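Note that the numbering used here numbers the sequence shown so that position 248 is 534, with each residue one more than the last. We put the CB at the ideal spot given by N, CA and C, even for glycine. In this text the structure is predicted, and so the values were computed from the model without any measurement.
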Amino acid sequence: MHLSVSPQDRAHPPPPQEPLLQLPVPARFGLLVGTLDVVLDSSARVAPYRILHQTQDSQIYWTVACGSSRKEITKHWEWLESNLLQTLSIFDNEEDITTFVKGKIHGIIAEENKNLQPQGDEDPGKFKEAELKMRKQFGMPEGEKLVNYYSCSFWKGRVPRQGWLYLTVNHLCFYSFLLGKEVSLVVQWVDVTRLEKNATLLFPESIRVDTRDQELFFSMFLNIGETFKLMEQLANLAMRQLLDSEGFLEDKALPRPARPHRNISALKRDLDARAKNECYRATFRLPRDERLDGHTGCTLWTPFNKLHIPGQMFISSNYICFASKEEDACHLIIPLREVTIVEKADSSSVLPSPLSISTKSKMTFLFANLKDRDFLVQKISDFLQKMPSKQPEGNGGGRKASTADPAPEHSPAPAEASDQPASPTTSLGGRQSSSVQEAPTASQGLLKLFQGNSPMEDLGAKGAKEKMKEESWNIHFFEYGRGVCMYRTAKTRELVLKGIPESLRGELWLLFSGAWNEMVTHPGYYAELVEKSTGKSSLATEEIERDLHRSMPEHPAFQNELGIAALRRVLTAYAFRNPTIGYCQAMNIVTSVLLLYGSEEEAFWLLVALCERMLPDYYNTRVVGALVDQGIFEELTRDFLPQLSEKMQDLGVISSISLSWFLTLFLSVMPFESAVVIVDCFFYEGIKVILQVALAILDANMEQLLGCSDEGEAMTVLGRYLDNVVNKQSVSPPIPHLHALLTSGDDPPAEVDIFDLLKVSYEKFSSLRADDIEQMRFKQRLKVIQSLEDTAKRSVVRAIPGDIGFSIEELEDLYMVFKAKHLASQYWGGSRPTAVRRDPSLPYLEQYRIDASQFRELFASLTPWACGAHTPVLAGRMFRLLDENKDSLINFKEFVMGMSGLYRGDLTEKLKALYKLHLPPALSPEEAESALEATHYFTEDSSSEASPLASDLDLFLPWEAQETLRQEEQEGGGNDDGQEKREEKGTSPPDYRHYLRMWAKEKEVQKETIKDLPKMNQALPAAVLTQACSTHRPLFRRWPLGREPGILPRVSALAAA
287 MHLSVSPQDR AHPPPPQEPL LQLPVPARFG LLVGTLDVVL DSSARVAPYR
337 ILHQTQDSQI YWTVACGSSR KEITKHWEWL ESNLLQTLSI FDNEEDITTF
387 VKGKIHGIIA EENKNLQPQG DEDPGKFKEA ELKMRKQFGM PEGEKLVNYY
437 SCSFWKGRVP RQGWLYLTVN HLCFYSFLLG KEVSLVVQWV DVTRLEKNAT
487 LLFPESIRVD TRDQELFFSM FLNIGETFKL MEQLANLAMR QLLDSEGFLE
537 DKALPRPARP HRNISALKRD LDARAKNECY RATFRLPRDE RLDGHTGCTL
587 WTPFNKLHIP GQMFISSNYI CFASKEEDAC HLIIPLREVT IVEKADSSSV
637 LPSPLSISTK SKMTFLFANL KDRDFLVQKI SDFLQKMPSK QPEGNGGGRK
687 ASTADPAPEH SPAPAEASDQ PASPTTSLGG RQSSSVQEAP TASQGLLKLF
737 QGNSPMEDLG AKGAKEKMKE ESWNIHFFEY GRGVCMYRTA KTRELVLKGI
787 PESLRGELWL LFSGAWNEMV THPGYYAELV EKSTGKSSLA TEEIERDLHR
837 SMPEHPAFQN ELGIAALRRV LTAYAFRNPT IGYCQAMNIV TSVLLLYGSE
887 EEAFWLLVAL CERMLPDYYN TRVVGALVDQ GIFEELTRDF LPQLSEKMQD
937 LGVISSISLS WFLTLFLSVM PFESAVVIVD CFFYEGIKVI LQVALAILDA
987 NMEQLLGCSD EGEAMTVLGR YLDNVVNKQS VSPPIPHLHA LLTSGDDPPA
1037 EVDIFDLLKV SYEKFSSLRA DDIEQMRFKQ RLKVIQSLED TAKRSVVRAI
1087 PGDIGFSIEE LEDLYMVFKA KHLASQYWGG SRPTAVRRDP SLPYLEQYRI
1137 DASQFRELFA SLTPWACGAH TPVLAGRMFR LLDENKDSLI NFKEFVMGMS
1187 GLYRGDLTEK LKALYKLHLP PALSPEEAES ALEATHYFTE DSSSEASPLA
1237 SDLDLFLPWE AQETLRQEEQ EGGGNDDGQE KREEKGTSPP DYRHYLRMWA
1287 KEKEVQKETI KDLPKMNQAL PAAVLTQACS THRPLFRRWP LGREPGILPR
1337 VSALAAA
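Given below as structure tokens:
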């Protein structure tokens, strides 16, 4: 038996493995088997050094350990000598020795894996092994979590390289080692500009990943749909991080399975649950904190057509929802706060496993064909018991489901803490504080106050039409129910398209948008916000004040202080609730319309639904959501109106019109009584209606737009068309449309009825689906956010002074490295100051900043002054010198200023920089104190010869302050005349011209010279001086002309790393 160290081919890097015990390999066939391993497994690598166990009479050896260097393998050998070799001498035969060695090594591996497995981690062992392999292969820290990994091929040119694709929270990684050729890729999700699943002749059913400088194609997936969906989710999280610095946080409230899936990580389950939650909330317009607990197939008895409709039942902690398989057949939302009874009915062959749910509004819903009815009833019972109850615990026993029966037959719901109405027809004004309740707008809409209640008979045909609409809706309420538990069917959509009556508009807006659910579950919230925000001043409140009188000034409701005050309170309360959005132009126009049809509290919650759920990211500082939907509009124009698309792109019209159309829901470009009908449809259908109507408008004006020669002419055509979209059924007094005055002409176009326009939009463009729009939103979001990031980069680069010495290309590359370092703190920063949420509203230059430790890493990688043990000291001093505002962070401009002196400065500039690194503020407090002690020590016996600068005060005072004090001492030291002059000057009027000249002089950029540098207050011992000279001598090496070291190679190397 012998153990030996075997050096292998040293051209390969170390394998991504811990010391392990491999299967026995015959020595004569080792090379052949190793070659086959490499061919069949792209991650197999032959270790440069291995420790082998082999007995004298055997042709088989066992690999005990492997290492990437002699140092590493020697460390393993030393451990074996001290812990294993001495024990082997007690065995008599070689077979026992082999058995003992195998058992010992297997035990070490098991113990190591056990220690590496975090407590409470439910990821399977195979997955954990892949995560460790990924971290070692790509140098990822512990904080980088693997979500999933897949076997696939990466197309390098026209050659596929089979390997493993690792998808982590922040990176896409690929590794392949095939026939001696290695491919290793690392792409940050924040750098992805395009992500598509496509199929071409060259790349059959592949996934395309684009960044700013490369196109990557991956194919041959076992399940390409699952892989692409996960990649979409991770890229979306990265875009969200760029948008508002919301990084990925694992959902701790996610229910854990009893047994973990074999190859699915906890993060993968988390992301899947997030996707289902988002779809669930979007489908039923539920609050953002609602989490889906589960769903099951079932049928719902619909009394209006006497049918059992198949579909899915969804259950969460506060709602039971139903969606039919056929899209428009039936949707149902049952808040658990409305439930009174949940009971199991008798099963039959016609109605298997039925479940009956009754509500406070006397409605009963019958579900059947439930697979696990007992479990479902118990689940609903548990949620009902968690609902807030006004009753004391002693009196509530009769209202709760029995816990002894795992599947109670009858489960009444507990009483509510407050009598929450089931329908918006019940006023909520009584819950508001006195400060809000005093206002007439606290309980009713402005339209009722300013329009009055004129009888319908006085309005003639319009009044009769309005009365017919109201009657149609009352019949619908009788058949389908009224309030939040109403059956929502294709009939409901038809009524919405025919127009909602003025008297029901506010109620139905609240129901269809989901705002009613949030309002009744947060009683008094709006009044509390108003009270807190009253009298507070901020940038948002200043912008609100500027726009108050621009909000529908043509409407009588906003021509007086009553409407203006209500609008101010709602906008200010929302800005106080959501400071990330605060206030954005166009919010005033939309909110003013909401106030016409609802109370202040109702308008507030409608605004919440609009900004935070129905139009996500529309009203932030960069209107990202509107730009995303603008991209969708351009894409739809290419698909549906290909003839017009190219012309519109040439004219640049789409980008001009879409923002005003989308941000204000056509309220700013169309007569009010017409635009409000589009808002009716929007609250029921979502953004789909806005896109359909926009396409219908372009389609109706195609011939005229194709004949336009410039953008102005096209805008005039569209403006005049929109001004003449009328609502002949409106019972409201006509309101002059200010936009019409700007586009009026001698020959106005024919009037277009708004209901005809809606009908055409549904007939021609109804193929649009909500799922397709969400998919397009993801695709466009990548483009928009990356485009905004490129704009930010250009703006920051332009803010750098022109005499900095770096080219535009070098500055852009430096910016990308600087930004990547900032984002690293978002990934794994923890408590670092740069890991704090980034504020996108800040100027571009201040959005990305790094701290001292990050600067130290860049300093060591990029600067030519990185030399040995002195590098951290120099980096720390340079950081303190650049950190002018002393917030322990530096921005890109400060970073570049420091790099410029080291790379582009001449010898004098470099000497000046080195000199400054030995003076405050570059010195740390400890270094400054040490320097002060040295000054005292070396000047103790020679005080008479000491320079007047060698004082304790001078060491720490800013040099400008020292200069000022010195001048004052020279001018007035011991001179009574000077004192009298100063006193006289103090009593005379101030000379403003003197200050203007002084400030103008301060603004002038003055070139600092060697003479301007202060004297150094440190006496250096000879040994220290010698060491400093020997250390810094290479920094000032004279390079041959044209051979100076550049920064681009260092930046490229750092980016590649």
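Whole-angstrom distance between residue j and residue i, CA atom to CA atom
{"i": "cysteine 565", "j": "alanine 1214", "result": "60 Å"}
{"i": "phenylalanine 1041", "j": "glutamate 840", "result": "24 Å"}
{"i": "aspartate 833", "j": "asparagine 906", "result": "17 Å"}
{"i": "glutamate 1049", "j": "aspartate 925", "result": "16 Å"}
{"i": "serine 1229", "j": "leucine 1205", "result": "Below a pLDDT of 50, predicted positions are generally treated as unreliable, and serine 1229, at 42, falls in that range; the measurement from the model is reported next regardless. Answer to the nearest angstrom: the Cα atoms are 22 Å apart."}
{"i": "serine 492", "j": "cysteine 438", "result": "10 Å"}
{"i": "leucine 796", "j": "alanine 961", "result": "18 Å"}
{"i": "phenylalanine 1092", "j": "glutamate 997", "result": "39 Å"}
{"i": "valine 914", "j": "arginine 571", "result": "21 Å"}
{"i": "methionine 1183", "j": "leucine 1209", "result": "19 Å"}
{"i": "lysine 1107", "j": "aspartate 382", "result": "55 Å"}
{"i": "glutamate 613", "j": "phenylalanine 600", "result": "16 Å"}
{"i": "valine 1070", "j": "glycine 1154", "result": "44 Å"}
{"i": "glutamine 1140", "j": "cysteine 352", "result": "34 Å"}
Reference residue i; option with closest CA among the options
{"i": "arginine 567", "options": "Leu794, Tyr435, Ala801", "result": "Ala801"}
{"i": "leucine 1043", "options": "Met956, Leu1097, Phe1064", "result": "Met956"}
{"i": "glutamate 814", "options": "Trp759, Glu887, Glu780", "result": "Glu887"}
{"i": "arginine 854", "options": "Glu898, Ile830, Pro842", "result": "Ile830"}
{"i": "serine 885", "options": "Glu921, Arg908, Trp348, Leu848", "result": "Leu848"}
{"i": "glutamine 1066", "options": "Glu613, Glu1095, Glu989, Phe919", "result": "Phe919"}
{"i": "valine 628", "options": "Leu637, Phe669, Ala615, Asp614", "result": "Phe669"}
{"i": "aspartate 660", "options": "Thr588, Thr582, Gly1088", "result": "Thr582"}
{"i": "proline 1035", "options": "Lys1014, Glu989, Ser1047, Val1003", "result": "Val1003"}
{"i": "arginine 908", "options": "Thr807, Gln1072, Val856", "result": "Gln1072"}
{"i": "aspartate 903", "options": "Gln342, Thr923, Leu949", "result": "Leu949"}
{"i": "phenylalanine 798", "options": "Glu817, Leu593, Gly810, Tyr773", "result": "Tyr773"}
{"i": "serine 644", "options": "Asp575, Gly746, Pro674, Cys771", "result": "Cys771"}
Residue i and residue j closer than 7 Å at C-beta
{"i": "alanine 852", "j": "leucine 937", "result": "no"}
{"i": "valine 476", "j": "leucine 528", "result": "yes"}
{"i": "leucine 656", "j": "serine 639", "result": "yes"}
{"i": "alanine 416", "j": "tyrosine 436", "result": "no"}
{"i": "tyrosine 452", "j": "phenylalanine 590", "result": "no"}
{"i": "threonine 626", "j": "lysine 646", "result": "yes"}
{"i": "threonine 479", "j": "aspartate 496", "result": "yes"}
{"i": "isoleucine 1350", "j": "cysteine 607", "result": "Lying outside 287 to 1343, the shown extent of the chain, residue 1350 is not represented and no answer is given."}
{"i": "alanine 521", "j": "leucine 481", "result": "yes"}
{"i": "cysteine 459", "j": "phenylalanine 424", "result": "yes"}
{"i": "alanine 654", "j": "serine 642", "result": "no"}
{"i": "serine 954", "j": "isoleucine 1021", "result": "no"}
{"i": "tyrosine 883", "j": "glycine 731", "result": "yes"}
{"i": "phenylalanine 1064", "j": "glutamate 468", "result": "no"}
{"i": "valine 1082", "j": "leucine 1131", "result": "yes"}
{"i": "leucine 1188", "j": "threonine 1157", "result": "no"}
Nearest-angstrom Cβ-Cβ length linking residue i and residue j, presumed shorter than 8 Å
{"i": "serine 603", "j": "arginine 577", "result": "7 Å"}
{"i": "alanine 1138", "j": "glycine 1162", "result": "6 Å"}
{"i": "alanine 912", "j": "leucine 945", "result": "5 Å"}
{"i": "threonine 877", "j": "leucine 893", "result": "6 Å"}
{"i": "valine 963", "j": "asparagine 1013", "result": "6 Å"}
Proximity test, Cβ basis, 7 Å: residue i and chain B
{"i": "isoleucine 918", "result": "Within the model displayed, chain B is absent; a lone protein chain is all it includes."}
Practice problem: Check whether the region 966-979 touches the region 1049-1059, taking contact to mean three or more Cβ pairs, one atom from each stretch, closer than 8 Å. | Solution: Inter-segment contact for the region 966-979 and the region 1049-1059 is present: three or more beta-carbon pairs are separated by less than 8 Å.
Practice problem: Answer yes if the region 1153-1173 comes into contact with the region 1066-1081, meaning at least three C-beta pairs across the two stretches below 8 Å, and no otherwise. | Solution: no
Quiz item: Can you find at least 3 beta carbon pairs, one from the region 852-871 and one from the region 763-777, that sit closer than 8 Å?
Solution: no
Quiz item: Do the region 355-368 and the region 335-342 make contact, defined as three or more Cβ pairs closer than 8 Å?
Solution: yes
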